[in-house]
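Visitor:
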Amino acid sequence: MVSPRFFIGSDSLDVNAIAALVTTPACGAVATFVGVVRDHNAGHRVLWIDYEAYEPLAKTTFERIGREAADRWPSAQVAIHHRTGHVAIGEASVVIAAASPHRADAFAACRYAIERVKQIAPVWKHEHFENGDVWIEGAVADPDDEAARQLALERACS
Amino acid sequence: MFVTVHLFARLRELAGAAELRQELPDEASAKTAWQSLVRTCPALAEYEPLISCAVNHEYARFTTPLKHGDEVAFLPPVSGG
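Spelled out as structure tokens, the structure:
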């Protein structure tokens, strides 16, 4: 079975396999972003993170981000894969791959996609540390918030 | 009519359930579903300015009208990546 370009689930992430989903003979550049669980946050030692997601909405949201990237960079193809469940320190929680004939569009589409994942993907980190645990709450998710989308575009193009 | 409400992360913990079946009046919107939820679980009220909602696996506005059998989800601020 061919893996879908947009996926969320508990399996560990294979960067090369995800990059292969967007790579064609016309591509001269493939940019990848790997988000990894780190061992500290906000001054405490992190032991692991449990990721919770609203999986059907996450999938349609990743597809939406892919369409947004394709509108802005028509030559680029994007893949977004995200983990759920227990993710250990040093393991990848998210992988973005963006391929394009030239590197500028591949880098920009990749950066744009991860910025949008942070803004609107229905995924939550449940961080576990030595003396407890905490739900991380970041952005209020609103895909139609044009200011947020512009911020993602600016970051992608800076 | 009846809808199914899905809750996540801290909202799920506060409500003590990931999924609830809710009876609503026929002209209900997503906002009606939220208000009904807060009546049964007042601890959720503090989240009101921060939540997003989705209907049938697509992001929606609180004004979105609901129909029998819809799947409504309320989402606290997200933190993927």
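For the protein sequence lines, the chains are A and B, in the order given. Per my numbering, the first sequence starts with residue 59, numbered consecutively. Per my numbering, the second sequence starts with residue 2, numbered consecutively. Every residue, glycine too, gets a C-beta built ideally from N, C-alpha and C.
1) Which residues in the same chain have their Cβ closer than 7 angstroms to the Cβ of Ala171 (chain A), if we skip the five residues on either side of it in sequence?
2) When Cβ atoms are compared, which residues of the stretch 37-67 of chain B fall closer than 7 angstroms to chain A?
3) Can you list the residues of chain B that Thr118 (chain A) reaches, using a CB-CB cut of under 8 angstroms?
4) Is there contact here, the stretch 90-106 of chain A with the stretch 184-201 of chain A, by at least three beta-carbon pairs under 8 angstroms?
5) Let me know if Thr82 (chain A) comes out buried or exposed under the rule of 16 or more other beta-carbons within 10 Å of its beta-carbon.
6) Is Tyr112 (chain A) close to chain B, meaning its C-beta is less than 8 angstroms from at least one C-beta of that chain?
7) Between the C-alpha atoms of Ala214 (chain A) and Ala166 (chain A), what's the straight-line distance to the nearest angstrom?
8) For Pro78 (chain B) and Ala197 (chain A), I'd like the C-alpha separation in whole angstroms.
9) Does the Cβ of Glu49 (chain B) have 16 or more other Cβ atoms within 10 Å, making it buried, or fewer, making it exposed?
10) In chain B, which residues lie with their C-beta within 7 angstroms of the C-beta of Ile76 (chain A)?
11) Report the rounded CA-to-CA distance for His7 (chain B) versus Val56 (chain B), giving the unit in angstroms.
12) Using beta carbons (cut-off 8 angstroms, strictly below), is Ala210 (chain A) in contact with chain B?
13) Rounded to whole angstroms, what's the CA-CA distance from Leu21 (chain B) to Asp200 (chain A)? Just pull it up for me.
14) Taking the alpha-carbon positions, what's the Val92 (chain A) to Val152 (chain A) distance?
15) Thinking C-beta only, is Ile178 (chain A) closer than 8 angstroms to Ala277 (chain A)?
16) Taking only beta carbons into account, state which residues of the stretch 95-106 of chain A come closer than 7 angstroms to chain B, listed in chain order.
17) Starting from Leu115 (chain A), find everything on chain B with Cβ-Cβ shorter than 7 angstroms and list it in chain order.
Guide: Looking at the atomic coordinates:
1) Only Ile123, Ala127, Val136, Ile138, Ile154, Ala156 meet the Cβ criterion.
2) Listed by position along the chain: Leu51, Ser53, Ala55, His58, Glu59, Tyr60.
3) His58, Glu59, listed in chain order.
4) Of all C-beta pairs linking the stretch 90-106 of chain A to the stretch 184-201 of chain A, three or more are shorter than 8 angstroms, placing the two stretches in contact.
5) Exposed, since its Cβ has fewer than 16 Cβ neighbours within 10 Å.
6) At a cut-off of 8 angstroms between beta carbons, Tyr112 (chain A) contacts chain B.
7) Answer to the nearest angstrom: the Cα atoms are 5 angstroms apart.
8) Approximately 5 angstroms between the Cα atoms of the pair.
9) It counts as exposed.
10) Going along chain B, no residue has its Cβ under 7 angstroms from Ile76 (chain A), so there is no contact; the nearest lies around 15 angstroms.
11) Taking the straight line from one Cα to the other gives about 10 angstroms.
12) At least 8 angstroms separates the CB of Ala210 (chain A) from every CB of chain B.
13) Approximately 24 angstroms between the Cα atoms of the pair.
14) If I take the Cα positions, the gap works out to 6 angstroms.
15) Residue 277 (chain A) is absent from the structure shown; chain A starts at 59 and stops at 216.
16) Residues: none.
17) Near Leu115 (chain A) (Cβ distances below 7 angstroms), the residues of chain B are Ala55, His58, Ala74.
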